[in-house]
Amino acid sequence: MSVLNQEITESSSGFKKEIDEAGVSLLLDTVQIYIYQYPVKSSTRESVSNAIDSITERNIAKILLNDPSRVGEFYVEREGAIYKDSRFDPTYYNPKFMSSDDTVYITYTKTGPTELRDRITIKDNGVGLGESRLEGYMKISYSSKRLSTKTLGTFGLGCKSPLATGVDCYSMKTSHNGKEFSFLIYKDKIDNCYSKWNPDGTLNESITFSNGYKVYYKKSTKPNYVEVSWDVKKHQYNDYIDAIKSQLLYFRNPIDFQIKESNGYSNKVEFQANILHETEDYILADQRYYSRPHLIINGVCYGFIEFRELELDQKYGHIGLKMNMEDVTVTPSRESCVWDTKTKDAILKKYEGLANSAEGIINQALNKLDFIGWIKTCLSIVSLNGSDTKEMKIISQLAALTGFSSLAI
Numbered sequence: 001m002s003v004l005n006q007e008i009t010e011s012s013s014g015f016k017k018e019i020d021e022a023g024v025s026l027l028l029d030t031v032q033i034y035i036y037q038y039p040v041k042s043s044t045r046e047s048v049s050n051a052i053d054s055i056t057e058r059n060i061a062k063i064l065l066n067d068p069s070r071v072g073e074f075y076v077e078r079e080g081a082i083y084k085d086s087r088f089d090p091t092y093y094n095p096k097f098m099s100s101d102d103t104v105y106i107t108y109t110k111t112g113p114t115e116l117r118d119r120i121t122i123k124d125n126g127v128g129l130g131e132s133r134l135e136g137y138m139k140i141s142y143s144s145k146r147l148s149t150k151t152l153g154t155f156g157l158g159c160k161s162p163l164a165t166g167v168d169c170y171s172m173k174t175s176h177n178g179k180e181f182s183f184l185i186y187k188d189k190i191d192n193c194y195s196k197w198n199p200d201g202t203l204n205e206s207i208t209f210s211n212g213y214k215v216y217y218k219k220s221t222k223p224n225y226v227e228v229s230w231d232v233k234k235h236q237y238n239d240y241i242d243a244i245k246s247q248l249l250y251f252r253n254p255i256d257f258q259i260k261e262s263n264g265y266s267n268k269v270e271f272q273a274n275i276l277h278e279t280e281d282y283i284l285a286d287q288r289y290y291s292r293p294h295l296i297i298n299g300v301c302y303g304f305i306e307f308r309e310l311e312l313d314q315k316y317g318h319i320g321l322k323m324n325m326e327d328v329t330v331t332p333s334r335e336s337c338v339w340d341t342k343t344k345d346a347i348l349k350k351y352e353g354l355a356n357s358a359e360g361i362i363n364q365a366l367n368k369l370d371f372i373g374w375i376k377t378c379l380s381i382v383s384l385n386g387s388d389t390k391e392m393k394i395i396s397q398l399a400a401l402t403g404f405s406s407l408a409i
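First residue of the sequence shown: 1, per the working numbering; consecutive thereafter.
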């Protein structure tokens, strides 16, 4: 849930704060570049999260266009200028240009030895960017998702995260309701890639932003989409692969991750977790990246749980604890979890509930067996090998989490 809770206080005295004109460039650097300590991870996480949000919004829009009375299921009502662009607007969507493709496409393109940089591209067929949203995308902290209860983003900073990787600019192409736009986005300016005239002499149409800037576009029959792309230093190849595998394995949307070699050959990378068992509180998956309990916050994996911070012995098992962003403290860049009292209390409560639930599941399964079956099952659990059956994989991982204290005798 990405709803932004914003408290606004007013005072009868004093004057409004302003940004010094000479410091604007420094401020832009701070919120677009220096905010991220791990730019490779952040650029991929934020870009894919935005792609998933766009697909989610498209699917919600299809529901609400047919049944507007259900808007309360997906949006909350709040007053204030910060929410003005976040309400459901049925005029933004044209079913003719709305895809049914829920896949996020990630392509890492390796270049030849004579070229200095590789390139990564992330594309979705969601709602696209057009009208006032297109101009808003270019601004710092613009967001159309602050009243949505189903999307991930809130602050309007993540879409600029590719700039933190050290590139001069990144490209953004989008099509919205028959209008296709293309831009190069720098830290302090935007370049429109389509000119007034096409090479064949035909004329492109245009829209005008509120600042008077004229943006040319090409007419298109393509479904709505957004595609972002940026250069990658060749030595960062493994870092990008790891960033995708470590953070995005639990996303529900299918992710088509292709590595395109310089000779044109493409290799699809399978990395999303095979879910064995899931509740509102945890996910147990058949995956090898995380061998110990780990945190999943709004679908993104945030690494291993620090049991020492919880004053507990180390636990094991391929289990992800699901937390909402509101329940824990994360850094402003959304890169890592802050292990303060709020975070520790929330995770400890979730873990204790999971441990109790695991004991019940394990004992229920063991009580159905005869003595010989019970012995064989216990040995399989203790060895952590389990069996090839889905049920045994679940039991062995839950037993590892609880430290084997839950075995029924």
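All residues carry an ideal CB built from backbone N, CA and C; glycine is no exception.
- For a cut-off of 8 Å, the C-beta gap from Lys315 to Pro293 is around 5 Å, short enough to register as a contact.
- Three or more beta-carbon pairs drawn from the stretch 176-184 and the stretch 210-220 are found closer than 8 Å, and the two stretches are therefore classed as touching.
- With respect to Val330, Ile297 sits close: the two C-beta atoms are nearer than 8 Å.
- Contact check for Asp118 and Lys110: beta-carbon distance about 5 Å, within the 8 Å limit, so the pair qualifies.
- By the C-beta density criterion, Ala399 is buried, having at least 16 other C-beta atoms within 10 angstroms.
- Looking from the CA of Leu310, the closest CA among Gln236, Thr341, Val300 belongs to Thr341.
- Taking all protein chains shown into account, Ile55 has 16 or more neighbouring C-beta atoms within 10 Å of its C-beta and is therefore buried.
- Judged by their CB atoms, Glu335 and Ser42 are nearer to each other than the 8 Å cut-off.
- The beta carbon of Ala346 lies closer than 7 Å to those of Met323, Asp327, Val328 in the same chain, with the five residues before and after it left out.
- When DSSP states are grouped into helix, strand and coil, Val71 belongs to the helix group.
- In the DSSP assignment, Gln247 falls within the unbroken alpha helix (DSSP H) covering 237-247.
- Taking the Cα of Tyr105 as reference, the smallest distance to any Cα among Ile19, Glu227, Tyr290 is reached at Glu227.
- With respect to the 8 Å criterion, Phe271 and Phe257 are classified as neighbours on the basis of their beta carbons.
- Counting of Cβ neighbours within 10 angstroms places Leu163 among the buried residues, the total reaching 16 or more.
- Under the DSSP assignment, Ile82 falls outside any alpha helix (DSSP H); it carries neither an H nor an E label.
- With respect to the 8 Å criterion, Cys193 and Leu184 are classified as neighbours on the basis of their beta carbons.
- With respect to the C-alpha of Tyr137, the residue from Asp20, Arg45, Lys189 having the closest C-alpha is Lys189.
- By the criterion of a C-beta distance shorter than 6 Å, Phe209 is surrounded in its chain by Glu135, once the five residues flanking it on both sides are discounted.
- In this structure, Thr107 lies near Lys260, with their beta-carbon atoms less than 8 Å apart.
- Here Ser143 is not bridged, per DSSP, to any residue.
- Taking each of Gln397, Ile63, Thr44 in turn and checking the Cα distance to Pro95, the smallest one comes out for Ile63.
- Of Val300, Glu77, His318, Gln287, the smallest CA-CA separation from Phe88 is found for Glu77.
- Residue state for Leu203 is assigned as strand, using DSSP reduced to three classes.
- By the neighbour-count criterion, in which a residue is buried when 16 or more other Cβ atoms sit within 10 angstroms of its Cβ, Phe97 is buried.
- Sorting Tyr290, Ile241, Asn125 by C-alpha distance to the C-alpha of Lys268 places Ile241 at the top.
- By the beta-carbon neighbour count (other beta carbons within 10 angstroms, threshold 16), Asp168 is exposed.
- Lys344 has its alpha-carbon roughly 29 Å from the corresponding atom of Ser161.
- Contact check for Asn125 against Ser143 fails: the beta carbons are separated by 8 Å or more.
- In the structure shown, Ser357 falls within a helical segment according to DSSP collapsed to helix, strand and coil.
- Each of Thr91, Ser148, Tyr83, Glu79 was checked against the Cα of Glu57, and the nearest Cα belongs to Ser148.
- Sequence-distant Cβ neighbours of Asn66 in its own chain, meaning closer than 7 Å and more than five residues away, do not exist here.
- For Leu295, the uninterrupted beta strand (DSSP E) run begins and ends at 294-297, by DSSP.
- As the crow flies, the alpha-carbon of Ala243 is around 25 Å from that of Glu280.
- Between Ala355 and Leu401, the CB-CB gap stays under 8 Å.
- For Ser229, the uninterrupted beta strand (DSSP E) run begins and ends at 225-233, by DSSP.
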